[in-house]
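When we follow my numbering, the leftmost residue of the sequence shown carries the number 816, and every step to the right adds one.
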Amino acid sequence: MGTPPFPSPIPTRENALNDAAPVTVKELIDRSQEYAGRTVTLTGKIITECPQGCWFFLNDGTGSIYIDLQPAGLTIPQKIGARVTLRGKIKGSGGNLQILGEEVKFLE
816 MGTPPFPSPI
826 PTRENALNDA
836 APVTVKELID
846 RSQEYAGRTV
856 TLTGKIITEC
866 PQGCWFFLND
876 GTGSIYIDLQ
886 PAGLTIPQKI
896 GARVTLRGKI
906 KGSGGNLQIL
916 GEEVKFLE
């Protein structure tokens, strides 16, 4: 039967960042209905960031998406231009997508 075309629900293991399927921003926008409410992993560069570190825009080379860290009570240091991998839940659809961030890992 194969694997489903979208990631599984929110992982509960300690190292959850590796459990959510990696996707691109373009794929999320193009297939937003399939990804709605799912947890995904994205890697890209921080291009704009809240002064308090509670949200940022991520660009992965295929597009940009808003990442909201506030619902999870997370903040990150000011690191515009840094590469990150993040895990979060998709909210919205089409061009009105955002990710509710659950974990952020700096790669640089």
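Beta carbons are placed, not taken as given, at the ideal position from N, Cα and C, and that holds for glycine.
Does any residue of chain C have a CB that is nearer than 9 Å to the CB of LEU873? In the structure shown, chain C cannot be found, because there is only a single protein chain.
Residues near PRO763 in its chain [Cβ-Cβ closer than 6 Å; skip 5 each side]: Residue 763 lies beyond the residue range present for the chain, which begins at 816 and ends at 923; the question has no answer from this structure.
Rank GLN913, PRO866, LEU922 by C-alpha distance to the C-alpha of ARG898 and give the top, closest one. If you number the sequence shown from 1, residue 898 lands on position 83. Of GLN913, PRO866, LEU922, the residue nearest in Cα terms is LEU922.
Contact test: VAL855 Cβ vs the ligand SAM heavy atom, cutoff 8 Å: As for the ligand SAM, it is missing from this structure, which has no ligand bound.
Less than 8 Å between C-beta atoms, sequence neighbours within five positions excluded: which residues of the same chain meet that for CYS869? Sequence index remark: in the sequence shown, residue 869 carries index 54 (1-based). Cβ within range, chain order: ASP883, LEU884, GLN885, LEU889, THR890.
If you measure between the beta carbons of ILE862 and SER879, is that distance less than 9 Å? By one-based count along the sequence shown, residue 862 stands at place 47. By one-based count along the sequence shown, residue 879 stands at place 64. A contact, by the Cβ cut-off of 9 Å.
Name, in chain order, the residues that DSSP records as bridge partners for ARG853. Translated into positions along the sequence shown, residue 853 becomes position 38. Answer is none; ARG853 lacks a bridge partner.
Between LYS894, GLU849, GLY909, GLY907, which lies nearest to VAL775 when the distance is taken from Cα to Cα? Given that the chain is displayed from residue 816 to residue 923, the structure contains no residue 775 and the question cannot be resolved.
Closest by C-alpha distance to THR854, when choosing among LEU843, ILE905, ASN911: Translated into the one-based positions of the sequence shown, residue 854 becomes position 39. That would be ILE905, whose Cα lies nearest to the Cα of THR854.
Would ASP875 and LYS860 be called neighbours here (beta carbons separated by less than 9 Å)? Residue mapping note: residue 875 aligns to position 60 of the sequence shown, counting from 1. Residue mapping note: residue 860 aligns to position 45 of the sequence shown, counting from 1. Cβ atoms of ASP875 and LYS860: closer than 9 Å.
7 Å Cβ shell around ALA851 - same chain, five flanking residues per side excluded: Within the sequence shown, residue 851 is the residue found at index 36, counting from 1. So the qualifying residues of the chain are ILE905, SER908.
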